């Protein structure tokens, strides 16, 4: 066996297990996504549209040069056509500009603008801490066992500067229970409900 052929066979022997792992990972991700949609009160088409709209809204804001600053950041979260804007900017004008950039997007039913105006924005490590707080709130929601068929995966949780924003298609009973749990997570300064209610 010549050197080139030996090298090719060796590389294939390494690559095949890696490719199998990739295929399993992709398949696993697909199954997880399918399970998520199965538990969601939105239909699959709406879930897809929400994700697409969130990307379009984020892109519209991030491409605007007015937001190019270390202190400015805006999260765009869409649930059942409702768009939540949260984050921090340096002026009231920028807060309104963010809304103007996205409110015309086809498929957006309403815009909830919770962007904080501040001249003292949080830094990288605080944002990391916010992500950790989001995970802690999601975990805490598993403690809601008194409501029949409650599924915490139906609740979207976003945290900015210790303020927790809650979205989802829920009953009023579920919304109150979720908010109460979130308020009692250590470090949470405020809870903002941006729910859509199944029972009016």
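Residue numbers (the numbering used here): 99 to 298.
All residues carry an ideal CB built from backbone N, CA and C; glycine is no exception.
Because the structure is a prediction, the values reported are computed rather than measured.
- About 6 Å separates the CB atoms of residue 171 and residue 186; that is less than 8 Å, so the two are in contact.
- Excluding residues up to 5 positions away in sequence, 148, 151, 152 lie with their Cβ nearer than 6 Å to the Cβ of residue 176 in the same chain.
- Per the coordinates, the alpha-carbon of residue 269 lies some 17 Å from the alpha-carbon of residue 263.
- Around the Cβ of residue 216, a 10 Å sphere holds fewer than 16 other Cβ atoms; the residue is exposed.
- Membership of residue 237 in any beta strand (DSSP E) is not indicated; the residue belongs instead to the alpha helix (DSSP H) covering 222-238.
- Using a Cβ distance threshold of 9 Å, residue 298 and residue 260 do not count as a contacting pair.
- Residue 291 is positioned such that its CB atom lies closer than 9 Å to that of residue 273.
- CA-to-CA, the gap between residue 234 and residue 283 works out to about 7 Å.
- Exclusion of the five residues before and after residue 249 leaves 137 as the residues of its chain whose Cβ lies within less than 6 Å of its Cβ.
- Here residue 269 carries a coil assignment [DSSP, helix/strand/coil].
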